[in-house]
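**Q**
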Amino acid sequence: MSAIPARIKAGYGISEIGVTGMVVFGSFYIFSYMTNTLGIPVGIAGTIFLATKLFDVLTDPLIGYLSDRTNSRLGPRRPWMLAGAFVMGPALAIAFYAPFSTESWGANAVWFSAFLMLSYLGLTMIGVPFGAMTAEMTEDYDERTSITAWRMWIGTIGILFGAAGYAILTGNFGNLSVEGYRMGLITILPLLMIPTLITVFATRNAPVHRTTLVEHGFFDGIKIVWTSKSFLIIAGSYILMISMITVVTSNVNALIEYLLIESQDIQPTLSAILLFPTFLTLPLWVWLGKRMEKRTGLLIGGIMYAIGMACVYFVGVGDTGMLMIILAFMGVAYGAYQIFPWAMLPDVISEAQLKHGGSLAGLFNGWWTTAQKFGIALGPFLAGLVLQSGGFKSSVGGQLVEQSDTAIETLRITISLLPAAVFVLGVLLIMAYPITRSDQNSRTDVT
């Protein structure tokens with residue numbers, strides 16, 4: 002089977018800048034904004050963050066199902082992506098322009114959560130069809146890893162803008178203030194929207210391999226997804242891993258202020274130290290992926306990442322240098338987490354389509370992004386409950402409050418040992434994943 006041209010892989014991957022930028026922005030700043038700026042108690046903020054994601058349990062699979070049945074001159078996936086770009090960005094901006102009140106965090110929470118849900122609907126309209134395209138561009142086991150690597154390699158730019166770039170902007174416009182968050186967001190909005198528009202144009206000549214002999218009803222499709230052992234394994238593993246990563250990222254501001262005793266200005270530096278090793282070593286993980294099974298590559302990288310997480314516990318007060326070394330090590334491991342789960346999903350789709358017929362890429366990606374978003378929301382929800390039980394206090398308007406020794410120790414455990422232990426469980430679960438290179442290649446030969 003011929004390789005996909007590099008220009009198409011690159012054009013496809015550009016949308017990941019906006020998608021990942023939005024996901025990372027949410028995992029770094031949404032929970033922090035609610036607790037440190039809007040004054041919402043940590044336990045309630047975590048619950049709100051989780052509740053906004055439950056909306057996706059319906060919308061993600063539904064949009065995936067509808068995109069499987071879409072026929073237009075732009076193809077089945079690109080019309081949804083185009084529309085989603087113009088929903089996601091404006092809704093997110095309106096969410097941050099909540100009528101802020103220091104008197105009533107409840108009013109802040111209602112406005113913010115409503116428009117946040119609408120913004121995530123736009124992200125769904127982009128992300129679900131976008132992910133389905135990988136399975137349809139090629140059926141080759143290793144070529145799917147290559148496409149995913151291009152996507153994630155380019156998407157690293159989105160992570161930098163979503164985390165480090167936004168931190169710089171909020172610092173310039175008033176660190177942790179309402180106006181700082183708002184002006185920073187308005188500045189990065191084009192970086193969240195424009196990449197998807199570029200991908201819609203750049204993939205107009207991308208190959209499309211679709212199975213359409215059988216059309217499944219929506220509920221029949223759900224049954225197919227949730228009776229797939231391969232899907233349940235990778236989705237369960239991914240939920241555990243991404244939820245624990247979000248536990249750490251959603252509390253990075255607290256880590257900087259209460260443990261490092263540093264200004265928020267250091268966050269861009271810490272983000273870069275994590276991400277540049279990822280950017281540089283993604284080709285290494287692709288090379289390893291061609292010489293071993295995808296599950297093995299994820300096991301190696303995942304264990305490395307969990308070790309790095311656990312080591313954060315031993316960072317002393319003000320010991321920024323040690324944290325930088327740990328983050329660089331984690332950055333190397335992060336590449337495996339980025340590539341292999343997403344490269345496994347197209348193989349799961351091929352397995353299901355061979356067994357059941359029909360086009361299922363959108364529906365499977367819908368449930369996959371639901372799992373992703375649920376994991377992202379589950380992390381802050383659990384972290385909020387743990388921190389609240391340890392007496393950790395929220396602040397209003399970015400003004401830090403004095404924390405007890407118990408609260409600080411709870412914070413330390415919450416961002417290190419606890420997520421590391423759960424992350425390892427997710428990595429070990431992936432070893433039950435049954436699809437191998439020979440399995441996928443034999444299916445390709447049949448089709």
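All residue numbers for the sequence shown refer to the numbering used here, where the first residue is 2 and numbers rise by one.
Quick reminder that beta carbons are idealized off the backbone N, C-alpha and C, glycines included.
1) If contacts are defined as beta-carbon pairs under 8 Å, then residue 424 and residue 303 qualify, I think. What distance do you get, rounded to the angstrom?
2) What's the gap between the Cα of residue 140 and the Cα of residue 5?
3) Could you check the C-alpha separation between residue 283 and residue 106 for me, to the nearest Å?
4) Return the chain-ordered list of same chain residues with a C-beta closer than 6 Å to the C-beta of residue 79, the five sequence neighbours on each side being excluded.
5) Which residues bound the alpha helix (DSSP H) around residue 16?
6) Checking 9 Å against the spacing of the C-beta atoms, do residue 96 and residue 117 come in under that value?
7) Around the Cβ of residue 416, are there at least 16 other Cβ atoms within 10 angstroms (buried) or fewer (exposed)?
8) Give the straight-line distance between the Cα atoms of residue 231 and residue 407, rounded to the nearest whole angstrom.
9) How about residue 144 and residue 209: do their beta carbons lie closer than 9 Å?
10) Rank 298, 296, 331 by C-alpha distance to the C-alpha of residue 313 and give the top, closest one.
11) Please determine, among 435, 64, 376, 47, the residue with the shortest C-alpha to C-alpha distance to residue 222.
12) Excluding the 5 residues preceding and the 5 following residue 127 in the sequence, name in chain order all residues of the same chain whose CB lies nearer than 8 Å to its CB.
13) Relative to the alpha-carbon of residue 269, which residue among 162, 315, 236 has its alpha-carbon at the smallest distance?
14) Can you check whether the CB of residue 318 is closer than 9 Å to the CB of residue 388?
15) Return the CA-CA distance between residue 450 and residue 100, expressed in angstroms with no decimal places.
16) Buried or exposed: which applies to residue 214, given that a residue is buried once 16 or more other Cβ atoms fall within 10 Å of its Cβ?
17) Return helix, strand or coil for residue 175, following the three-state DSSP convention.
18) Three or more C-beta pairs under 8 Å: does that hold for the segment 44 to 54 against the segment 377 to 391?
19) Sorted by chain position, which residues of the same chain lie with C-beta nearer than 6 Å to residue 291's C-beta, five sequence neighbours on each side aside?
20) Confirm, please, whether the CB-CB distance from residue 237 to residue 430 is below 9 Å.
21) Assign residue 361 to one of three DSSP states: helix, strand, or coil.
22) Restricting to Cα atoms, I'd like to know which of 192, 320, 219 is closest to residue 258.
23) Just to confirm, is the Cβ distance from residue 355 to residue 235 under 9 Å?
24) What do you get for residue 315, buried or exposed, if any count of 16 or more other CB atoms within 10 angstroms of its CB means buried?
25) Please report the straight-line C-alpha distance between residue 383 and residue 240, rounded to a whole angstrom.
26) Please report the residue range of the alpha helix (DSSP H) in which residue 420 lies.
27) Using a 10 Å radius around the Cβ and a threshold of 16 neighbouring Cβ atoms, would you call residue 224 buried or exposed?
28) Can you name, in chain order, every residue of its own chain whose Cβ lies under 6 Å from the Cβ of residue 323, other than the five neighbours on each side?
29) Going by alpha carbons, who is nearest to residue 307 out of 184, 289, 153, 419?
30) Buried or exposed, going by whether 16 or more other CB atoms sit within 10 Å of the CB of residue 146?
31) Just to confirm, are residue 227 and residue 368 a CB contact at a threshold of 9 Å?
32) Provide the residue span of the alpha helix (DSSP H) that contains residue 71, from first to last.
33) For residue 93 and residue 113, what's the separation of their Cα atoms in angstroms?
34) Return the CA-CA distance between residue 58 and residue 77, expressed in angstroms with no decimal places.
35) Going by beta carbon distance, what residues of the same chain come within less than 7 Å of residue 350, once the five residues before and after it are set aside?
**A** So, from the data block:
1) 7 Å
2) 11 Å
3) If you take the alpha carbons of residue 283 and residue 106, they lie about 43 Å apart.
4) 201
5) 16 to 26 is the span of the alpha helix (DSSP H), which, as asked, contains residue 16.
6) yes
7) Residue 416 is classed as buried because its beta carbon has at least 16 other beta carbons within 10 Å across all chains shown.
8) 42 Å
9) no
10) The candidate whose alpha carbon is nearest that of residue 313 is 331.
11) 64
12) 16, 19, 20, 81, 82, 85, 86, 89, 197
13) Cα-wise, what sits closest to residue 269 is 162.
14) no
15) The chain is shown from 2 up to 448; residue 450 falls before or after that span and cannot be answered.
16) Because residue 214 carries a pLDDT of 48, less than 50, the predicted location of this residue cannot be relied on, and the following value inherits that uncertainty. Exposed, since its Cβ has fewer than 16 Cβ neighbours within 10 Å.
17) Since pLDDT at residue 175 reaches only 46, below the 50 mark, its modelled position is unreliable, and the value read off the structure follows with that caveat. Coil.
18) yes
19) 143
20) yes
21) coil
22) 320
23) no
24) exposed
25) 13 Å
26) 418 to 430
27) exposed
28) 316
29) Nearest to residue 307 by C-alpha distance, out of 184, 289, 153, 419, is 419.
30) buried
31) yes
32) From DSSP, residue 71 is part of no alpha helix (DSSP H); its letter is neither H nor E.
33) Each residue's Cα considered, the two are about 9 Å apart.
34) 21 Å
35) 136, 361, 362, 365
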